[in-house]
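Please read the structure below before turning to the comments.
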Amino acid sequence: MAPGTALEIVDLIFQDLMGVQMRFGGKVVVLGGDFRQVLPVIRKGSRCAIIASTIKKSSVWPFFQTFRLERNMRAITDPNFSKWLLDIGDGMIHSPEIPKTQYSVEVPISLISNDIVTDIFGNSFSYTDVEKFSRRAILCPRNEDVRLINERVLINLNNAVQMSFYAIDSIKNDDGVDDHDLQVNIPVEFLNTLNPSGLAPYKLNLKVGCIVMLLRNLSVNKGLCNGTRMIVRGFRQNVLQLEIITGTFSGTVHFI
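Taking our numbering, the leading residue of the sequence shown gets 98, the next gets one more, and so forth.
Shown next, in the form of structure tokens:
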């Protein structure tokens with residue numbers, strides 16, 4: 098969640114852009130969120146400092162009209178799960194008998210999966226079934242979990258051509274020239290073990306029919322944005338044939 102100071106800065110920027118000394122330059126501003134979720138992160142801040150940094154403590158907050166949403170549309174078909182989420186936010190869920198931290202909560206057995214890949218995608222499927230699963234996704238908090246689950250899904254994708262793509266792992270100086278000294282101190286084998294957030298792994302395994310996600314903005318006008326989901330329709334050594342499966346550009350094919 099953004100801190101209250103960020104909202105105040107936006108207010109000043111709008112006033113400056115519009116040349117009007119009114120809140121947010123006279124523009125209508127709509128905010129959305131849930132204060133029971135992640136609060137602003139204050140480095141080494143106490144609970145009081147964290148609460149004081151929220152937008153509810155901002156000088157512009159009194160100028161907003163608050164509307165409370167009563168129904169969870171995403172979980173409307175599972176009212177028990179929706180209620181459980183609200184109970185967590187209200188602090189009504191008991192801690193487990195042996196909590197890992199003071200904030201641990203007990204997750205119902207019905208919400209625990211022993212094999213999440215099978216529960217979401219089944220034991221196996223072919224590349225012709227992928228469009229049926231295009232509305233399903235598994236969210237992970239860690240890159241390592243993403244890698245393991247992606248490998249499992251690729252194994253279950255039967256009768257599909259597979260190819261491995263490798264990242265560039267040479268070391269260059271500021272002028273873009275190979276730097277021998279850096280290559281000696283930082284071996285290529287070490288670079289290949291790195292998996293930074295926002296980048297594809299060093300070795301990217303793909304199959305025809307698998308679902309991929311774009312990690313950077315290439316062309317907003319063509320729907321090639323960060324987060325766009327696509328199906329691999331074909332590939333060569335240095336190019337991928339991808340079909341967008343979400344949004345208004347669904348069905349369009351691009352070569353990347």
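By construction, the Cβ of each residue, glycine as well, lies at the ideal position given by its N, Cα and C atoms.
Item	Value
Residues near residue 293 in its chain [Cβ-Cβ closer than 6 Å; skip 5 each side]	none
Length at least 4, wholly inside the segment 185-253: the alpha helix (DSSP H) runs in chain order	213-218, 240-253
Cβ-Cβ separation, residue 155 to residue 122 (assumed contact under 8 Å), whole Å	Not quite, the Cβ-Cβ distance comes to about 17 Å (not below 8 Å), so this is no contact.
Residues near residue 120 in its chain [Cβ-Cβ closer than 7 Å; skip 5 each side]	108, 157, 160
Straight-line Cα distance separating residue 222 from residue 132	40 Å
Inter-residue spacing [alpha-carbon to alpha-carbon] between residue 164 and residue 170	16 Å
Whole-angstrom distance between residue 236 and residue 295, CA atom to CA atom	15 Å
Rounded straight-line distance, which links the Cα of residue 304 to that of residue 254	8 Å
Cβ neighbour criterion (16 or more within 10 Å) applied to residue 351	buried
Per-residue burial, residue 306 [other beta carbons within 10 Å of its own, 16 or more giving buried]	buried
Outcome for residue 287 when other beta-carbon atoms lying within 10 angstroms are tallied against a minimum of 16	exposed
For residue 325 and residue 311, believed in contact at Cβ under 8 Å, the rounded distance	4 Å
C-beta atoms of residue 268 and residue 279 nearer than 8 Å	yes
For residue 259, the three-state DSSP class (helix, strand or coil)	strand
Whole runs of the beta strand (DSSP E) within the segment 274-306, excluding any shorter than 3 residues	300-304
Cβ neighbours of residue 266 in the same chain (closer than 8 Å, five flanking residues each side left out)	285, 288, 289, 299
Delimiting residues of the alpha helix (DSSP H) encompassing residue 340	Where residue 340 is concerned, there is no enclosing alpha helix (DSSP H), although the beta strand (DSSP E) it sits in stretches over 337-341.
Straight-line gap, residue 271 to residue 315 (C-alpha atoms, nearest Å)	25 Å
Nearest residue (CA-CA) to residue 349, options 134, 328, 145	328
Terminal residues of the alpha helix (DSSP H) in which residue 115 lies	101-115
Inside the segment 155-188 only - alpha helix (DSSP H) runs reaching at least 4 residues	176-186
Cβ-Cβ separation, residue 210 to residue 202 (assumed contact under 8 Å), whole Å	Rounded, the Cβ-Cβ distance is 17 Å, inconsistent with contact.
Close Cβ partners of residue 230 (< 6 Å) along its chain, the five nearest in sequence each way excluded	218
Sheet register partners of residue 316 (DSSP bridge)	321
Residue 150, buried or exposed, once every other Cβ within 10 Å from all chains shown has been counted against 16	buried
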